[in-house]
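Quick note, the sequences are listed as chains A and B, same order. Sequence positions in the first sequence follow the numbering used here and run 1096 to 1250. Sequence positions in the second sequence follow the numbering used here and run 1096 to 1250. Just so it is clear, CB atoms sit at the ideal spot from N, CA and C, and this is done for glycine as well. Keep in mind the model is a prediction, meaning the values are calculated, not measured. I have placed the structure first, in the form of structure tokens, so that the comments after it can refer back to it.
Protein chains: 2
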Amino acid sequence: MGLEIERKFLLDLSLLDFKKEKVLKIQQLYLLNEADRSIRIRIQNKNAFITIKTNKTPLIRNEYEYEIPLNEAEELFGDFQDKPSILKRRYLIQYKNHLWEVDVFEGDNAGLVIAEIELQDVDEDFEKPAWLLEEVTNDRKYLNANLVKLPFKDW
Amino acid sequence: MGLEIERKFLLDLSLLDFKKEKVLKIQQLYLLNEADRSIRIRIQNKNAFITIKTNKTPLIRNEYEYEIPLNEAEELFGDFQDKPSILKRRYLIQYKNHLWEVDVFEGDNAGLVIAEIELQDVDEDFEKPAWLLEEVTNDRKYLNANLVKLPFKDW
Chain A
1096 MGLEIERKFL LDLSLLDFKK EKVLKIQQLY LLNEADRSIR IRIQNKNAFI TIKTNKTPLI
1156 RNEYEYEIPL NEAEELFGDF QDKPSILKRR YLIQYKNHLW EVDVFEGDNA GLVIAEIELQ
1216 DVDEDFEKPA WLLEEVTNDR KYLNANLVKL PFKDW
Chain B
1096 MGLEIERKFL LDLSLLDFKK EKVLKIQQLY LLNEADRSIR IRIQNKNAFI TIKTNKTPLI
1156 RNEYEYEIPL NEAEELFGDF QDKPSILKRR YLIQYKNHLW EVDVFEGDNA GLVIAEIELQ
1216 DVDEDFEKPA WLLEEVTNDR KYLNANLVKL PFKDW
């Protein structure tokens, strides 16, 4: 189990030349999606994972992640095709000492863009890139597990 | 993904000298438990697994199983302690060419004993030990995922 400490921000895509960066195509299927716990299958390019998150707060979460074979993940997407899913492209952007993940959502969440930074502890300092806008860490509607229930198009 | 083909039987414990056989102490916690799909964490002696089963029929099921660290399984039991669980001892008994699993349930299912045999295909022959009683493969109430909803003590 890893303790996941993650802060989320809106951003100004026009200030970010992200096309040059590494991109991951991500599909996430939510097998279980409760208010404070989720189990999801993620296919990320050619890798696949099962991930269980149990929230302490939106900022701090227990995360259990196990890599699984891609073909089994694809079969699970079939077996649970009635369950909700998220589609997004993730750009990995190094800025100073930290790696930012910029998620560009698709499907029912198209138009939404979020930048995430993972920290070692809640007080860790980091430098803010010029393209960063307001922080939304504590706004639960931005949690992926909530975006499948109330997608951006319905806000 | 493995296709799991499993037949279940009641048995006469008095005819079985099972104390000499290998025993596993099993705890299963059901994170998701739908009519035809389940996700469970199993701790089996010092090993732990996350298992997803999607039923085709009670006899034939898709089974996806991944070993996970024991300490993470124990933490998941804590994070999901409100979810239902099964406790049982499993005796592994070789008889002719097949390995039988005899599950002796505890807790709310105490008194229930089931023998299971895993087959390679639905028509595979096997020799029946003298202690075997009626087959219950197609009676869904004997599925572990159903025993946590309606335990043996309430039958």
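Quick check on the burial criterion: 16 or more other C-beta atoms within 10 angstroms. Buried or exposed for residue i?
i                  : result
VAL1217 of chain B : exposed
GLN1176 of chain A : exposed
LEU1187 of chain B : exposed
GLN1122 of chain B : buried
LYS1183 of chain A : buried
GLU1297 of chain A : Chain A is shown from 1096 up to 1250; residue 1297 of chain A falls before or after that span and cannot be answered.
SER1133 of chain B : buried
ASP1174 of chain B : buried
Pick out whichever of the options has its Cα sitting closest to the Cα of residue i.
i                  : options                                    : result
ARG1185 of chain A : A:ASN1241, A:LEU1207, A:ASP1174            : A:LEU1207
TYR1190 of chain B : B:LEU1126, B:LEU1111, B:LYS1120, B:ALA1205 : B:LEU1111
ALA1240 of chain B : B:GLY1097, B:LEU1227, B:LYS1178, B:VAL1197 : B:LYS1178
PHE1172 of chain B : B:PHE1200, B:ARG1137, B:TYR1159, B:ILE1147 : B:ARG1137
GLU1170 of chain B : B:PHE1144, B:THR1152, B:TRP1195, B:ASP1107 : B:PHE1144
ALA1130 of chain A : A:LYS1248, A:TYR1161, A:ARG1156            : A:ARG1156
TRP1226 of chain B : B:ARG1102, B:GLU1101, B:ASP1107, B:GLY1097 : B:ASP1107
VAL1197 of chain B : B:LEU1119, B:GLY1097, B:ILE1100, B:ARG1135 : B:LEU1119
LEU1165 of chain B : B:ILE1181, B:ASN1142, B:LEU1127, B:LEU1182 : B:ASN1142
GLU1222 of chain A : A:VAL1199, A:THR1232, A:TRP1195            : A:TRP1195
LEU1238 of chain B : B:LEU1154, B:GLU1213, B:ASN1140, B:THR1146 : B:LEU1154
TRP1250 of chain B : B:GLN1215, B:THR1232, B:ALA1205            : B:ALA1205
ILE1181 of chain A : A:ASN1140, A:ARG1135, A:GLN1215, A:GLU1160 : A:ARG1135
ASN1192 of chain A : A:VAL1199, A:GLU1099, A:GLU1201, A:GLN1215 : A:GLN1215
SER1109 of chain B : B:THR1232, B:LYS1236, B:VAL1199            : B:VAL1199
PRO1246 of chain A : A:GLU1201, A:VAL1231, A:THR1232, A:ASN1233 : A:GLU1201
GLU1099 of chain A : A:ASN1140, A:THR1146, A:LEU1242, A:LYS1117 : A:THR1146
For residue i versus residue j, is the C-beta distance shorter than 8 Å?
i                  : j                  : result
GLU1229 of chain A : PHE1104 of chain A : yes
ASP1203 of chain A : LYS1248 of chain A : yes
LEU1127 of chain A : LEU1124 of chain B : no
GLU1101 of chain B : GLU1213 of chain B : yes
GLY1097 of chain A : GLU1158 of chain A : yes
Looking at residue i and the ligand ATP, is the gap between the Cβ and the nearest heavy atom below 7 Å?
i                  : result
HIS1193 of chain B : This structure lacks the ligand ATP; in fact it carries no ligand of any kind.
### Query
When Cβ atoms are compared, which residues of the segment 1119-1130 of chain A fall closer than 9 Å to chain B?
Against chain B - using a Cβ distance shorter than 9 Å - the residues of the segment 1119-1130 of chain A are LEU1126, LEU1127.
#### Entry: the segment 1193-1212 of chain A contacting the segment 1139-1159 of chain A, beta-carbon criterion three pairs below 8 Å
no
### Message
Closer than 8 Å between beta carbons: that is the criterion. Which residues of the segment 1150-1183 of chain A meet it against chain B?
### Response
ASN1157, TYR1159, TYR1161, ILE1163, ASN1166, GLU1167, GLU1170, LEU1171, ASP1174, PHE1175
### Query
Relative to chain B, which residues along the segment 1203-1225 of chain A have a C-beta separation below 8 Å, given in chain order?
none
### Task
Scan the segment 1129-1145 of chain B for residues whose Cβ lies nearer than 8 Å to a Cβ of chain A and list them as they occur along the chain.
Correct list: ARG1132, ILE1134, ILE1145.
### Task
Using a Cβ-Cβ cut-off of less than 9 Å, list which residues of the segment 1098-1119 of chain B approach chain A; keep chain order.
none
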